[in-house]
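Going line by line, the protein sequences match chains A and B. So the mapping is simple: my numbering equals the position in the first sequence, first residue as 1, plus 312. So the mapping is simple: my numbering equals the position in the second sequence, first residue as 1, plus 312. Idealized CB from N, CA, C, for every residue including glycine. Treat the numbers as computed from the prediction; the structure is a model and nothing was measured. Take a look at the structure set out below.
Number of protein chains: 2
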Amino acid sequence: MSSWARVYITRMPPVSSIPPRLCLGPGPSPVPPRVLAALAHPTVGHLDPAFLALMDEVRDGLRHVFATTNPMTLAMSGTGSAGMEAVIVNLVEPGDRVLVGVNGVFGGRLAEVARRAGAEVTTVDAPWGRTLDRDALAAAIARTAPHVVAVVHAETSTGVANDIAGLADLVHARDGLLVVDCVTSLAGMPVEIDAWGVDAAYSGTQKCLSCPPGLSPVTFSPRAVARLDRRRTKVPSWYLDLTLLKSYWGLERAYHHTAPINMLYALHEALAIVREEGLPARFLRHRAAHERLPMLNAIAAPAGVDEAAIRRRLLDDFGIEIGGGLGDFKGKAWRIGLMGHGATPASVDTVVAALRAALA
Amino acid sequence: MSSWARVYITRMPPVSSIPPRLCLGPGPSPVPPRVLAALAHPTVGHLDPAFLALMDEVRDGLRHVFATTNPMTLAMSGTGSAGMEAVIVNLVEPGDRVLVGVNGVFGGRLAEVARRAGAEVTTVDAPWGRTLDRDALAAAIARTAPHVVAVVHAETSTGVANDIAGLADLVHARDGLLVVDCVTSLAGMPVEIDAWGVDAAYSGTQKCLSCPPGLSPVTFSPRAVARLDRRRTKVPSWYLDLTLLKSYWGLERAYHHTAPINMLYALHEALAIVREEGLPARFLRHRAAHERLPMLNAIAAPAGVDEAAIRRRLLDDFGIEIGGGLGDFKGKAWRIGLMGHGATPASVDTVVAALRAALA
């Protein structure tokens with residue numbers, strides 16, 4: 313073990329040697345100093361009364377950004393993909409019919425997670441970069457009477473926003489539940505869980521909330537909770553089982569698992585910033601940044617350009633992170649995110665100037 | 313929305329109003345200022361070369377504390393219970409026989425997670441507060457030829473340590489895999505994954521590593537990886553699927569999910585502190601603290617004493633957190649943890665003096 317230890321000691325530079333970056337990729341977005349300071353507040357216990365009060369406030373703050381009064385609104389102890397999995401495995405039982413709208417990576421991931429939960433999955437596909445076709449969704453719902461219909465609000469892989477309003481009526485008419493992926497949209501554009509009749513939604517903290525990644529806000533309507541209460545089988549994941557978790561986030565405060573305390577501090581501060589700015593002003597700010605650079609989020613790389621080399625130059629020479637393409641767009645596109653703290657005119661000017669210089 | 317917003321604004325005190333606590337419960341343990349400072353380092357992208365280099369160092373640091381050369385050693389993006397679930401759902405397929413040693417809450421949780429993964433579960437039980445009986449384990453292994461045998465190294469619910477050395481021979485003789493829960497033991501007492509022949513182990517960051525909760529270190533032996541590669545069915549959890557995750561932690565660096573960047577900064581610093589102190593010195597420090605207070609971790613509350621009221625007094629009057637009993641011990645015991653940064657003579661003196669005063 314001694315030679316091992318020696319090798320090891322020679323190669324561990326401190327975390328502080330990681331250079332600062334302007335995060336204009338598909339996430340994480342830039343995290344404000346106030347949120348980082350909250351993250352570093354001394355850790356207390358997950359059953360400490362002061363921490364439980366903070367959890368109540370986080371829940372209130374999440375209800376505010378989701379525009380819902382759903383009692384079952386909380387932050388799952390994992391990143392956005394854990395929230396996706398939590399929603400699916402809690403609401404789907406083996407053999408259930410699940411309809412998924414797919415026009416990018418994350419719709420495809422939803423379908424895969426539902427299949428692993430034992431669902432009979434039908435997809436309604438649209439080309440990458442296009443929105444889902446409402447008539448095609450309506451026809452598929454009428455034909456398959458799905459237990460769950462799941463769509464992505466804002467596809468991080470393409471930058472396309474699917475329209476959610478009006479969809480719930482079609483889903484509820486066949487007694488289904490509407491699930492919406494709000495990972496990239498939450499706190500950056502209007503998300504109206506109650507007004508739209510959405511039954512379950514999940515998000516991530518590292519997009520328009522401008523908080524580090526590590527938690528997944530989720531919300532479940534009373535109809536979704538009733539479905540959960542009627543399950544014939546146990547939720548396959550113990551860690552994500554909301555029938556157990558609701559005792560910790562609810563009145564009983566029963567221990568389930570040790571919550572990621574400091575991450576919840578950070579989310580609390582991020583939600584306080586959202587509250588101070590106000591959602592309408594925040595949505596306008598995001599919209600204004602996007603209008604200054606209308607080809608966002610996905611930009612086709614010019615023919616003959618090595619897109620990865622340009623991204624690496626942006627990072628090394630300018631300290632700016634932007635994203636590469638995923639799936640069908642791999643090697644062909646960039647993804648520039650102007651989310652949360654990064655949705656400013658200065659971010660747009662900076663990334664445009666850097667791209668121009670890198671391509672010159 | 314306006315009245316809702318008003319109500320909301322009146323009740324959100326800052327995170328900084330959470331009082332400092334001396335965390336001497338069953339976890340989280342006290343987090344050193346250096347680790348909190350690392351946690352607050354500015355967030356960069358999860359595919360940033362500087363961050364990927366840090367992940368390599370985290371992996372090296374985890375191999376060091378696990379005493380293993382296992383290539384598949386990483387931190388799962390969830391708390392310790394997510395690590396437990398990750399190990400089980402990756403190594404168990406529906407219909408597999410799983411044998412679990414149960415002498416506390418966490419052995420029971422292992423059995424439950426394995427059942428949800430579709431396993432035929434047999435348990436070998438011991439009374440709470442006693443160690444597992446090796447002969448009983450050997451007989452059950454011989455009888456059931458389990459695909460997986462899972463035991464808890466140090467039962468957080470009772471403070472009992474089960475002996476692991478020698479167990480692998482019995483398990484491997486029937487071609488099984490040995491899984492060990494190292495949540496409370498890792499970096500506080502010797503854990504010898506390779507020397508003991510353990511095939512998979514998981515831990516948490518908030519115990520003897522003295523890092524905030526939110527990540528779960530895991531390690532898999534080449535035998536365990538071979539089992540994973542031979543699976544006939546997909547891993548039921550997409551989020552915890554190591555066949556996908558190993559591409560992100562491995563050479564390909566393929567995007568799977570957005571890692572909890574800042575939590576990994578903190579774990580990196582916590583592992584650097586472990587390296588500086590040295591594992592042998594760290595184990596001695598933990599042992600010395602425990603020997604000064606030999607009734608640790610679980611203490612029976614004196615008859616007639618309201619154990620919850622005493623815990624509340626410790627918290628409110630002394631700023632000290634200790635834990636209550638779980639399961640069979642609920643309402644009857646306290647759990648005092650002297651882990652990581654908290655395993656010091658000063659912690660022992662402080663908690664003993666406070667308990668004496670609270671009980672007077």
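Closer than 8 Å to chain B by CB, residue i
i: alanine 352 (chain A); result: yes
i: isoleucine 573 (chain A); result: yes
i: arginine 333 (chain A); result: yes
i: aspartate 493 (chain A); result: no
i: isoleucine 330 (chain A); result: yes
i: glutamate 581 (chain A); result: yes
i: tyrosine 560 (chain A); result: no
i: tyrosine 320 (chain A); result: Legend: pLDDT at tyrosine 320 (chain A) = 47, less than 50; position of this residue unreliable, value from coordinates given subsequently. It does; some Cβ of chain B falls within 8 Å.
i: aspartate 360 (chain A); result: yes
i: glutamate 619 (chain A); result: no
i: arginine 594 (chain A); result: no
Whole-angstrom C-beta distance between residue j and residue i, which should lie under 8 Å
i: alanine 513 (chain B); j: threonine 531 (chain B); result: 5 Å
i: proline 525 (chain A); j: alanine 571 (chain B); result: 7 Å
i: leucine 256 (chain A); j: isoleucine 453 (chain A); result: Here chain A has residues from 313 to 672 only, and residue 256 (chain A) is not among them.
i: valine 370 (chain B); j: leucine 583 (chain B); result: 7 Å
i: leucine 650 (chain A); j: histidine 602 (chain A); result: 6 Å
i: arginine 647 (chain A); j: glycine 337 (chain A); result: 6 Å
i: alanine 365 (chain B); j: proline 331 (chain A); result: That belief does not hold up - the Cβ atoms of alanine 365 (chain B) and proline 331 (chain A) are roughly 12 Å apart, past 8 Å.
i: glycine 635 (chain B); j: serine 528 (chain B); result: Not really, about 20 Å apart at Cβ, beyond 8 Å.
Proximal chain A residues relative to residue i, where beta-carbon distance stays under 7 Å
i: glutamate 467 (chain B); result: In chain order: nothing, as chain A lies at least about 15 Å away.
Minimum Cβ-Cβ distance from residue i to chain A less than 8 Å
i: alanine 349 (chain B); result: yes
i: alanine 613 (chain B); result: no
i: valine 327 (chain B); result: yes
i: histidine 598 (chain B); result: no
i: proline 340 (chain B); result: yes
i: glutamate 564 (chain B); result: no
i: leucine 403 (chain B); result: no
i: valine 343 (chain B); result: yes
i: leucine 627 (chain B); result: yes
Paired residues, beta bridge with residue i - DSSP
i: threonine 531 (chain A); result: A:Thr385 and A:Ala513
i: tryptophan 646 (chain B); result: B:Ile611 and B:Gly636
i: valine 414 (chain A); result: A:Asp437
i: valine 492 (chain A); result: A:Val463 and A:Ala513
i: leucine 334 (chain A); result: A:Ile632
i: valine 472 (chain A); result: A:Glu467
i: arginine 409 (chain A); result: A:Glu432
Amino acids of chain A, ordered along the chain, whose beta-carbon sits closer than 8 Å to that of residue i
i: serine 389 (chain B); result: Gly390, Thr391, Ala394 and Gly526
i: leucine 366 (chain B); result: Val327 and Ile330
i: glutamate 424 (chain B); result: Trp550
i: histidine 569 (chain B); result: Thr391, Gly392, Ser393 and Ala394
i: glutamate 397 (chain B); result: Ser549, Trp550 and Tyr551
Listed by chain order, chain B residues near residue i by CB distance under 9 Å
i: valine 356 (chain A); result: Ile330, Pro331, Pro332, Arg333, Cys335, Pro340 and Glu633
i: arginine 428 (chain A); result: Lys546, Val547, Pro548, Ser549, Trp550 and Asp553
Per-residue contacts from residue i into chain A (C-beta, under 9 Å)
i: phenylalanine 363 (chain B); result: Ile330
i: tyrosine 514 (chain B); result: Chain A residues near tyrosine 514 (chain B): none, gap ~12 Å exceeds 9 Å.
Segment contact flag, the region 420-437 of chain B with the region 548-556 of chain A, C-beta cutoff 8 Å, min 3 pairs: Three or more Cβ pairs closer than 8 Å define a contact, and the region 420-437 of chain B meets that threshold against the region 548-556 of chain A.
Three CB pairs or more closer than 8 Å across the region 341-351 of chain B and the region 460-478 of chain B: no
Stretch-stretch touch, CB-based, cutoff 8 Å, three pairs: the region 579-594 of chain B with the region 612-621 of chain B: no
Proximal residues, the region 520-550 of chain B versus chain D, C-beta separation under 7 Å: The question asks about chain D, but that chain is absent: this structure's protein chains are A and B.
Inter-stretch contact (C-beta, 8 Å, three-pair minimum) for the region 382-396 of chain B and the region 439-450 of chain B: no
At least 3 beta-carbon pairs within less than 8 Å: the region 406-421 of chain A vs the region 529-543 of chain A: no
Validate contact between the region 515-523 of chain B and the region 648-666 of chain B using beta carbons, cut 8 Å, 3 pairs: yes
Cβ pair count under 8 Å reaching 3, the region 615-623 of chain A against the region 588-602 of chain A: no
Stretch-stretch touch, CB-based, cutoff 8 Å, three pairs: the region 554-566 of chain A with the region 461-474 of chain A: no
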